[in-house]
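Enquirer: Handing you a structure now.
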Amino acid sequence: MAPPSADPRAQKALRIRLVAAALVAVALGIVALTQRNALLALIGRGIAAIAACGPWVYFGAMAALPALGVPSTFFTLTAGSAFGPRLGMGWVIAAGILATTLNIAATYVLARWFLRGWLQRLMVRLGYKLPEVAPGDAADLVIILRVTPGIPLFVQNYLLGLADVHAGRYFFWSLLISWPTTAAYLWFGDSLLHGRGRATITSLGLIVLIAALTQFVRRHYAGRKSARA
């Protein structure tokens with residue numbers, strides 16, 4: 175019997191997931207481009223109003239609003255400027271990582287259990303069936319989605335929850351990738367907005383390093399998938 179990772183049905187399910195993620199990302203990108211200026215202005219005003227309410231409301235919104243499609247970078251790039259002088263960057267980074275973790279957990283739970291039935295009924299009505307990813311492909315799918323540029327975080331989270339990816343693999347790989355990325359963006363945003371040139375260059379270099387490492391991981395896992403196909 176072939177191992178689960180070599181099952182043609184599992185391979186097909188994985189390809190469907192990746193194509194679906196790409197289509198959703200393209201659709202969101204088209205909307206964002208056509209309404210870019212108005213959307214940026216609206217989100218900017220909203221975040222400024224949230225920041226005025228204090229850190230509890232701000233980081234609570236950072237945990238909740240990306241689940242609705244608000245880009246998390248709006249929070250990571252402004253949190254240090256808004257609360258660094260009051261809380262210290264160490265606490266800002268800790269709060270940002272906690273907010274990101276809560277968002278990753280909440281969207282997974284919503285997609286895997288609370289929204290799954292509704293979405294399945296919708297897909298059946300449209301003539302589609304949501305395939306499941308084989309256990310042997312779960313980690314590969316998480317890693318490939320997390321390190322592929324252009325796919326919004328909330329799309330990744332919902333997609334992985336709908337694919338019934340095992341919670342342990344989902345959280346291990348998601349947090350391993352998201353924690354250093356979130357910390358780097360928080361540091362970069364604070365340094366940039368406060369005009370600290372050396373810290374800006376250092377944090378930007380860290381972001382580039384993380385991106386390079388994730389691209390290496392993406393190519394490695396994509397190569398493994400091609401070799402097993």
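175 is the number of the first residue of the sequence shown in the numbering used here; add one for each residue after it. Think of the CB as a built atom: it goes at the ideal place given N, C-alpha and C, for glycine as much as any other residue.
1) Among Arg295, Thr275, Phe248, which one has its Cα closest to the Cα of Phe346?
2) Within the same chain, show all residues whose beta-carbon is closer than 7 Å to that of Thr250, passing over the 5 residues directly before and after it, in chain order.
3) Are there 16 or more other CB atoms within 10 angstroms of the CB of Ile375, so buried, or fewer, so exposed?
4) To the nearest angstrom, how far is the alpha carbon of Val283 from that of Gly335?
5) Can you name, in chain order, every residue of its own chain whose Cβ lies under 7 Å from the Cβ of Phe288, other than the five neighbours on each side?
6) Cutting at 8 Å between CB atoms, please list the residues of its own chain near Ala280, excluding the five before and the five after it.
7) Enumerate in chain order the residues of its own chain whose CB-to-CB distance from Phe233 is below 6 Å, with the five nearest sequence positions on each side excluded.
8) Within the continuous alpha helix (DSSP H) that includes Ile278, where are the two ends?
9) Hey, how far is the Cα of Leu380 from the Cα of Leu387?
10) Going by Cα to Cα distance, which pick from Arg343, Arg286, Tyr332 is closest to Asp311?
11) Mind checking whether Arg320 and Ile278 have CB atoms under 8 Å apart?
12) How would you label Phe390, buried or exposed, when you count the other beta carbons within 10 angstroms and need 16 or more for buried?
13) Report the residue from Ser365, Thr322, His340, Asn331 whose alpha carbon sits nearest the alpha carbon of His394.
14) Identify whether Ser352 lies in helix, strand or coil by the three-state DSSP scheme.
15) Following the continuous alpha helix (DSSP H) through Pro229, name the residue where it begins and the one where it ends.
16) What does a CB cutoff of less than 8 Å around Leu349 pick up in its chain, not counting 5 residues either side in sequence?
17) Starting from the N-terminal side, write out each stretch of the alpha helix (DSSP H) that is 4 residues or longer and does not extend beyond the region 314-395.
18) Is the Cβ-Cβ distance between Phe328 and Gly254 less than 8 Å?
Expert: Let's see:
1) Looking at Arg295, Thr275, Phe248, the one whose alpha-carbon comes closest to that of Phe346 is Thr275.
2) Cβ within range, chain order: Gly270, Thr356, Tyr359, Leu360, Gly363.
3) Ile375 comes out exposed.
4) Roughly 7 Å separates the two Cα atoms.
5) The answer is none, since no qualifying residue turns up.
6) Closer than 8 Å at Cβ, skipping near neighbours: Ala237, Ala238, Ala241.
7) Within the same chain, Ala269, Ala273 come within 6 Å of Phe233 by CB-CB distance, once the 5 residues on both sides are set aside.
8) 263-283 is the extent of the alpha helix (DSSP H) around Ile278.
9) Distance between Leu380 and Leu387, taken at the CA atoms: about 10 Å.
10) The option with the nearest alpha carbon to Asp311 is Arg343.
11) Cβ distance not < 8 Å, so Arg320 and Ile278 don't count as in contact.
12) Phe390 should be labelled exposed.
13) Nearest option by C-alpha distance: Thr322.
14) Assignment of Ser352 by DSSP, reduced to helix, strand and coil, places it in the helix class.
15) 229-238 is the extent of the alpha helix (DSSP H) around Pro229.
16) Contacts found: Thr275, Ile278.
17) Within the region 314-395, complete alpha helix (DSSP H) segments of at least 4 residues are found at 327-336, 341-367, given in chain order.
18) The answer is no: Cβ separation not under 8 Å.
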